[in-house]
Amino acid sequence: MFRGPHGTEPHSRAVGPSRFRRTGVATVSSDEQYDPRAVQDTWQARWAELLPFAAAEEDDGRERRYALDMFPYPSGDLHMGHAEAFAIGDVPARYWFQKGFNVLHPIGWDSFGLPAENAAIKRDSHPAEWTYANIETQAGSFHRYAPSFDWTRRLHTSDPEYYRWTQWLFLRFHERGLAYRKGGQVNWCPNDQTVLANEQVVGGHCERCGALVEKRVLTQWYFKITDYADRLLDDMEQLEGHWPDRVLLMQRNWIGRSTGADVDFVIEGRDEPVTVYTTRPDTLYGATFMVVAADAALAEEIVAPEQRAAFEAYRDEVSRESEIERLSTEREKTGVFLGRYAVNPVNGERIPVWAADYVLADYGHGAIMAVPAHDQRDLDFALKFGLPVRVVVETGEADPAETGVATAGDGRIVNSGPIDGLTKADGIAKIIEVLEERGTGKASVNFRLRDWLVSRQRFWGCPIPIVHCASCGEVPVPDDQLPVVLPDNLRGADLAPKGESPLASAHDWVNVSCPKCGGDARRDTDTMDTFVDSSWYYFRYCSPRYTEGPFDVEAVRKWMPVDQYTGGVEHAILHLLYSRFFTKVLYDMGMVDFTEPFRRLMNQGQVILNGAGMSKSTGNLVDLGEQIDEFGVDVVRLAMLFSGPPEDDIDWADVSPHGMLKFLGRVHRIAAEVASEPGADPAKGDAALRRVTHRTIDEVTSLVEAGRFNVAIARIMELVSAARRAIDSGPGAADPAVREAAETIAVTLSLFAPYTAEEAWSVLRRPAPVIRAGWPEADPALLVEESVTCVVQVAGKVRDRLDVPPAIAADELERLALASPKVRDALGGADVAKVIVRAPKIVNIVPKR
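The letter at position 47 of the sequence shown is residue 47 when you use full-length UniProt numbering, and the numbering goes up by one with no holes.
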């Protein structure tokens, strides 16, 4: 039943009983305690010798599988979150190894970023010192924790040989018009002294440090992700059923595609009309005023001289508010009249133009038409400042001007000239037709998504490979001069945030000759958002030592897309959206032949304690290293995986490491007691145990493929109990079916508790490593139950048990139950009022009173 990947025994030499005895956990009796910690060092050394997890470069006839974990940031040693995430990601990889696939399961570090820079400032050192020391600490812990990594493909995004290609990709984006520089309002974190992308602002605060984000006007680098908005949405069809629904929903909402119309409003005193985007052009006749974002350039431009002082005071007030505060429907509306009027293009009505905080400068065109009767925020504003309210959609509800409640339904259109009486859909189509005929508007699609702001004013990141020349402008660094390497002479206080990148103070590094004209020039002193580094690392794993490009195109075509990607749902918008964008650009460049990088996504929950997130500052922390020291790696891994579905949070207070320790002891004891020889024919063994074994194989296979790891472990536990009963009160330890069960336990358990599984496999006198044993196959004949036990109740009390065929008909089962002597005795001659049959498991007989 157990085979190597090619149907033969693995070539590795056996590790026999003598080695097993040296671990100090030799054959145990029932009252001895198995210690899973005692075997860890031994098997780490053996795996390092055997290299069982190295992916084969060459085509050897095996189908390929790519298992990927979101790579860690080296902020310190591994923690409980790592323990859960990498245990979950390891299961499918080990399963594919057992199934005989050629598996790529790499590891690396996302090693640029602010924590290293802040640590360097505190320690008066270079960020690389802290970063690489932490990487080595985590690498040692990973070896101990035993994920099935191919360590030959290890990479770090802060290595010049890696970020050379990050810079190369930036330049390709620049050539295609996808990397560009512009001035405008940006999100500024006053604590970290750097700009943030919209996606990195959560509830008005910095996603990393929690500081309240400010708005500043700066010139920054952007990636034109909006060019791919439609494709990012439409290609989600490829991911339906393979990615969690909530992740797809979050991305759809973030991209936020809507259809409507661009409508041109003439503002008195301004030559160019102002374009307003609306999803409800059918309500244009109800637009009674216009609102411009207080922080939009348009407001600054059009404000009348007599209103400027009031406007500037209001704008300064708004600048201190977060976007969440500004968009809240609960807060009182504020605004200031700009002293200007616009002309409604459908009826020629002059409407006042106001500046307000509930419109954002980067939404649509930074201005909206206000239809207060049918939009609650517009209505609140109109009632606050005494502006007209005109109903143009008849919904049968009371007048909004009287109730203070906007009517947002889709009734018939009224008070709207040529579209009176139409429905919403017909009204939209008709009014767009009218606008296009007059040249004052057109159908339009709008997105919530904004271009990705990628420049950062910090040191420890990938330098932007652009030189600024007074004569030539922006000049790309030639490919043969890459990488632009960070200077190594800035340390400690040199890196302290000063409102601009610390690189600006590295004069020898900044001042260079222009690659185009040879004149004096300066390097760009910003570095890239670290999400740029992580948007393509999974391509590099396919050929991590390749020197002719960011990756070997043929290697990527062989390995990708990634078959299983495992990581936290907190990356649903940031990392995953950016990675999808990068993949589509690379597809357009002809470097990859697919448009989505990850076929399947699995999110894990959080590890918490007593219902709250773990934190050093609150003392609510469980130390992973201490748990491993106390219980061993296998206990921690098994406890994590058994506690619930991968996507659920784990409360460590509810986890039972002691229970897992006892279970592993039972597994070890069964393996040690098997008395039959390897290769013994299980068909000569106990049929009942064999049916349990093969049912376990069948169910565990399905459960692992479905990601239901906790249930799969439960099934293995049931097989352990069945094997224990067979040894203690059944055919005994010499029965070949007991060996088959013990070997099945070892192989299936290797996905979850690798050290104990390897030890058990060795005790069973099978050649290491167990990962090459080959996944067992269930015998279909043994999955068919020969009989089931039917419980027969009389007046709700069990009176008999009948062994019957699984497919027995209900009437036949009723006949057998009524014919049972025990049932007749229980009835005592009483007539039967009713017989309830649930074939083949239950018959309930109700006697007449």
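Every residue gets a Cβ at the ideal spot worked out from N, C-alpha and C, and that includes glycine.
Nearest Cα to LEU169 within the set TYR537, PRO305, GLU117, ALA493: TYR537.
Distance from GLY256 to THR278 at the Cβ level is roughly 15 Å; contact not present, criterion being Cβ atoms closer than 8 Å.
Apart from the 5 residues on each side of it in sequence, ASP451 sits with its Cβ closer than 7 Å to the Cβ of TYR222, PHE223, LYS224, ILE225, THR226 in its chain, given in chain order. Around the CB of ASP563, 16 or more other CB atoms lie within 10 Å, so the residue is classed as buried. Straight-line spacing of the CA atoms in SER656 and MET640 works out to 10 Å. Residue range 842-847 is occupied by the beta strand (DSSP E) that includes ILE845, with no alpha helix (DSSP H) assigned at that position. Here DSSP, grouped into helix, strand and coil, assigns LYS834 to strand.
Within the DSSP secondary-structure output, GLN220 pairs in a beta bridge with LYS182. As summarised for the region 595-662, the continuous beta strand (DSSP E) elements at least 3 residues long and confined to that stretch are 601-604, 607-609, given in chain order. Considered as a whole, the region 77-150 harbours 102-104, 106-109 as its complete beta strand (DSSP E) runs of no fewer than 3 residues, in chain order.
Taking all protein chains in view, the Cβ of THR407 is crowded by 16 or more other Cβ atoms within 10 Å, so the residue is classified as buried.
Here SER471 is exposed. Its C-beta has fewer than 16 other C-beta atoms within 10 Å. Assigned with DSSP and collapsed to three states, LYS516 falls in coil, not helix or strand. Judged by DSSP secondary structure, PHE265 falls outside any alpha helix (DSSP H) and instead within the beta strand (DSSP E) spanning 258-267. Here TYR228 is near LYS584, since their CB atoms are less than 8 Å apart. Between VAL91 and VAL636, the CB-CB gap reaches or exceeds 8 Å. The C-alpha of TYR755 is placed about 6 Å away from the C-alpha of GLN40. Per the C-alpha coordinates, the member of TYR132, HIS126, ALA56 positioned closest to SER111 is TYR132.
Taking the Cα of ARG724 as reference, the smallest distance to any Cα among GLN251, LEU664, ASP262, GLY613 is reached at LEU664. ALA361 is not a Cβ neighbour of TYR314, given a cutoff of 8 Å. Secondary structure at SER455: strand, using DSSP grouped into helix, strand and coil. Contact between the region 686-694 and the region 63-74 is absent, with fewer than three C-beta pairs closer than 8 Å. Note: ARG801 is bridge-paired with VAL791 in the DSSP secondary-structure output. For the 8 Å CB-CB criterion, ASP651 and ALA753 do not form a contact.
Between ALA443 and ILE432, the C-beta gap is smaller than 8 Å, which places the two residues in contact.
GLY339 and ALA304 have their alpha carbons spaced roughly 5 Å apart. In the DSSP assignment, SER444 falls within the beta strand (DSSP E) that extends over 441-446. Around the Cβ of SER579, a 10 Å sphere holds 16 or more other Cβ atoms; the residue is buried. Contact between ILE716 and THR693 does not hold, since their C-beta atoms are separated by about 11 Å, which reaches or exceeds 8 Å. Look at GLU394 here: in three-state DSSP terms it is strand.
VAL532 and PRO682 have their C-alpha atoms roughly 55 Å apart.
Between LEU601 and VAL318 a beta carbon distance of about 39 Å is seen, past the 8 Å cut, so the two are scored as non-contacting.
Under the three-state reduction of DSSP output, TYR587 falls in the helix class.
By the 16-neighbour rule on beta-carbons within 10 angstroms, PRO106 is buried. Under the DSSP assignment, ALA355 falls in the beta strand (DSSP E) whose first and last residues are 350-356. A Cβ-Cβ separation of about 21 Å leaves ALA680 out of contact with ARG772 under the 8 Å criterion.
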